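In this note's numbering, the protein residues as written are 899 to 1521.
For every residue, glycine included, the Cβ atom is placed at its ideal position computed from N, Cα and C.
Quick caveat, the model's predicted, so the values are computed rather than measured.
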């Protein structure tokens, strides 16, 4: 098995254990799975680091049959010296924190307390570095007790043992060299069951890896040499967009800033940051309502902090009536307005319009770039807040591109989406519009639902076309800001495509033959329809009612049917008759449509060529 297959098998085994102990699809299952997975990852990463450190104690640990035993034999001073040689991005684990130690204590009756206390102690010992926080500056520790989620107290110790059993015979060491490409896919697999629309009011929507990659490549470029870059996502979710962006820049060249209202997303974001070596950014991962209480502010604490790159895949519509007035109290931030509370369907409030404004406000002046996922309907809006935003980003020359994605590309929403690209430098003289709606391949997800995903070559096509500002038939177009204004501020590529007519060189003889063929086809259809009608009417004429069916056995005599059967048969016959007429009409209409379409095309072509003159119309009139 490859390391990926082994890792997927570990995830499946952890989920199976949760199911065995009554927590399959439980609201707390994601906490258990993600925490235990992270615990194993950090345990193995710590072991890998101390074996390969420049400390004089590393050799002893590296050559030992079991490194955990060699590490436990160090005294406190030696252990402190070993820790000093390690990167600050690693947690400091004591011998009693290791999985090997838990394995050796499984026989104890209070193993659930041992398991939970181990997690809590690791979190406490590493609180300063390995924690996130809320907008109220409350620290959220790395780990929390897990066995409390097992309702049956008697099953808590067996549950803890089962979890440790799954971890003991697996190692992440092989995967550490693979970094982003490996862990991006593993993370997606890990959380696929927990990031769904069923999560309530603030349901998280996982951004497909392909879209995250496109956004990152178009914002950063494929060969950018950047340093000390600050990246921000005000609706970070699990951090997929930020991970793709940081990877494109270089994880060691950027700092991540994030905020999201969801507790669940915060836990998953923390996991994602740790898997991708962005420990230093944990302190900037904030849980809280971005629109009401944005945490990341300028040095004076009054205005929003501005960033080099801003990305977002916000919720599109939801009920935020409880906080609407608080948000509307900041007219400078929300210059296009805040959606009003509808009288009936409150969950239809277009909250994404607030996030668009927030993203634009968070761009570093004269240099910041951003990208945001929005419903495709926004890009052709003719009124309301949506239209005000469109006019703003076009008039100010902030928008420099829009890519419309295929339908069903998002796992949990049927809404068609597009991605807007912003550049506050205002140096672009044209806007790139791409219609990628026809790209992608269909597949079925784990629930059997049809989805669409972009292939690698299609991702390259989108990126290369955008970067080169190419105009490709029925796919892309580059337009000026004035042209956009003339189209009513529409950012839909399709509205700028040229309508092309294929002209066919045709002679008078060919035209007459084609017309004759159409007439013959239609005549046959009409004849068939009339024949069908006559047969039905003939059959109906042979029917009479007679309760004595024994006297009418001859084929040429009237058909006699019992009363109830007679009525039912008449009903069914009428139904079949109507259906036959409909089928006949459909055939006729289909041929007529083909005829009129072809005739129209020929007329346009021949009129354009003007090589038959007035005789063309005279011939046509005689047919």
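Query                                                                                                                                                                        : Result
What does DSSP give as the partner residues of residue 1046 in its beta bridges?                                                                                             : Answer is none; residue 1046 lacks a bridge partner.
Is it the case that the segment 958 to 977 contacts the segment 910 to 930, given that we only count it when at least three CB pairs across the two stretches are under 8 Å? : no
Assign residue 926 to buried or exposed, taking buried as 16 or more other Cβ atoms, counted over all protein chains shown, within 10 Å of its Cβ.                           : exposed
Just to confirm before moving on: does the CB-CB distance between residue 1338 and residue 1352 stay below 7 Å?                                                              : yes
Given residue 1065, which residues of its chain have a CB within under 6 Å of its CB, disregarding the five upstream and five downstream residues?                           : 938, 997
In chain order, what residues of the same chain have a beta carbon less than 7 Å from the beta carbon of residue 1277, not counting five sequence neighbours either side?    : 1300, 1316, 1388, 1389, 1390
With 16 other CB atoms within 10 Å as the buried threshold, where does residue 1406 fall?                                                                                    : exposed
Whole angstroms are fine: how far does the CA of residue 979 sit from the CA of residue 1164?                                                                                : 33 Å
Quick one: residues in its chain with C-beta nearer than 6 Å to the C-beta of residue 1304, no 5 flanking neighbours on either side, listed in chain order?                  : 1335, 1337, 1338, 1350
Short of 7 Å in beta carbon distance, which residues of its chain neighbour residue 1020, apart from the five on each side in sequence? Order them along the chain.          : 989, 991, 995, 1040, 1041
Mind checking which residues open and close the alpha helix (DSSP H) that includes residue 901?                                                                              : 901 to 918
Determine the direct distance from the alpha carbon of residue 1072 to that of residue 914, and round the result to whole angstroms.                                         : 24 Å
Throw me the rounded Cβ distance for the residue 1193 and residue 1199 pair, which I believe falls under 8 Å.                                                                : Incorrect: roughly 11 Å between the Cβ atoms, too far for contact.
How far does the beta strand (DSSP E) with residue 1158 in it reach, from first residue to last?                                                                             : 1152 to 1158
Just how far apart, CA to CA, sit residue 906 and residue 1080?                                                                                                              : 11 Å
Using the Cα positions of residue 1292 and residue 1212, report the straight-line distance between them to the nearest angstrom.                                             : 21 Å
May I ask you to list the residues that DSSP assigns as paired with residue 1300?                                                                                            : 1318, 1331
Alpha carbon to alpha carbon, what distance is there between residue 935 and residue 1067?                                                                                   : 13 Å
Is residue 924 helix, strand or coil when you go by DSSP?                                                                                                                    : coil
So for residue 1176, helix, strand or coil by DSSP?                                                                                                                          : coil
My output table needs one value for residue 1148: the three-state DSSP class, helix, strand or coil.                                                                         : coil
Quick check on DSSP: helix, strand or coil for residue 1208?                                                                                                                 : strand
Quick check on residue 1248: does DSSP put it in helix, strand or coil?                                                                                                      : coil
Would you tell me roughly how many angstroms separate the C-alpha atoms of residue 1119 and residue 1287, rounded to the nearest one?                                        : 26 Å
How should residue 1047 be labelled, buried or exposed, when 16 other C-beta atoms within 10 angstroms of its C-beta is the threshold for buried?                            : buried
Helix, strand or coil for residue 1118? Go by DSSP, reduced to three states.                                                                                                 : helix
For residue 1382 and residue 1333, I'd like the C-alpha separation in whole angstroms.                                                                                       : 16 Å
Would you say residue 1140 and residue 1150 are within 7 Å of each other, going by their C-beta atoms?                                                                       : no
Take the Cβ of residue 1330 as the centre, count every other Cβ of all protein chains shown within 10 Å, and call the residue buried at 16 or more, exposed below.           : buried
In three-state terms, what does DSSP make of residue 1076?                                                                                                                   : coil
Are the CB atoms of residue 1124 and residue 1207 within a distance shorter than 7 Å?                                                                                        : no
Using a threshold of 7 Å, state whether the C-beta atoms of residue 1060 and residue 1045 are closer than that.                                                              : no
If I measure Cβ to Cβ from residue 947 and keep anything under 8 Å in the same chain, skipping five residues before and after, which residues do I get?                      : 984, 985, 988
Do residue 1265 and residue 1201 come within 7 Å of each other at the CB atom, strictly closer than that value?                                                              : no
Grab me the residues of residue 1011's own chain with a C-beta within less than 6 Å of its C-beta, minus the 5 sequence neighbours each way, in chain order.                 : none
Within 10 Å of its beta-carbon, does residue 1121 have 16 or more other beta-carbons around it, so buried, or fewer, so exposed?                                             : exposed
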